[in-house]
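Numbering (our numbering), first residue to last: 46 to 292.
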């Protein structure tokens, strides 16, 4: 790590610790990640991810009594920051929390209402990154947008029907994808059990073969992405307390 990079990292950490959540801080982070040495870049990203996860929890606890606008602003900052350092899991978790927060507050503030397009986009991004159950839940939320608008009473047009059918097909696909990964994981477990019954030498060779032939990290990714009431005076923020099995 060069001295310049070390100085920029120190400056970024100082900005976060001083609660400077603005574009200037993000630009500092971007400058840190402009590194020609791939190995050094990975080390820098890893260190920054751990730092931001810890700081994010502290910050979220500290804004429990703030306005919804302020909370959304902070969530958006960390979503962008986690995206820059390649922490997809934390990024998606915070995006989900922001959407849920908006839904909770939309009864009294209609401008916060989450559209079906936003839920569907989030579902697509979740599926792309292996979060099948979260993608399925996002599809359900997208469908609920039409139910709230009276579609279930028959007051809808042909375009609504097409959109609803598209979301349902996507939801079915996420369900099937999750089931497929579950079966695949069971198959690997079975094969590993069978190879364990053989000699130590053969077991080692078989395990090595499976690790190279089967996709890595095939378990469904998951994070505790649900609103736990922290915005209403709760004492925790479980959405950031994610399962980092695949970090």
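Here a beta-carbon is modelled for each residue, glycine too, at the ideal position from N, C-alpha and C.
- Residue range 48-62 is occupied by the alpha helix (DSSP H) that includes residue 52.
- When secondary structure is reduced to three states using DSSP, residue 126 falls in the helix class.
- With respect to the C-alpha of residue 130, the residue from 77, 163 and 172 having the closest C-alpha is 77.
- Cβ-Cβ separation between residue 157 and residue 150: approximately 5 Å, consistent with a contact (criterion under 8 Å).
- In this structure residue 62 is exposed. Its beta-carbon is surrounded by fewer than 16 other beta-carbon atoms within 10 angstroms.
- Classified as buried, residue 98 has 16 or more neighbouring CB atoms from the shown chains inside 10 Å of its CB.
- In the displayed model, residue 191 falls within a helix according to three-state DSSP.
- Look at residue 152 here: in three-state DSSP terms it is coil, with no helix or strand label.
- The beta carbon of residue 80 sits closer than 8 Å to those of 50, 86 and 89, all from its chain and outside the five residues before and after it, given in chain order.
- Just so you know, the alpha carbons of residue 59 and residue 94 end up roughly 15 Å apart.
- Straight-line measurement puts the Cα of residue 161 at about 12 Å from the Cα of residue 211.
- Residue 104 has its alpha-carbon roughly 21 Å from the corresponding atom of residue 53.
- Minimum Cα-Cα distance from residue 71 among the listed residues 114, 57 and 48 corresponds to 57.
- In terms of Cβ geometry, residue 164 and residue 187 form a close pair [threshold 7 Å].
- Excluding residues up to 5 positions away in sequence, 177 lie with their Cβ nearer than 6 Å to the Cβ of residue 222 in the same chain.
- From the listed residues 191, 135, 205 and 172, the smallest Cα separation to residue 217 is found for 172.
- The C-alpha of residue 92 lies about 43 Å from the C-alpha of residue 191.
- The alpha-carbon of residue 113 is positioned some 11 Å away from that of residue 148.
- DSSP places residue 213 in the helix class (H, G or I) of the three-state scheme.
- For residue 159, the closest of 189, 170 and 106 by C-alpha to C-alpha distance is 189.
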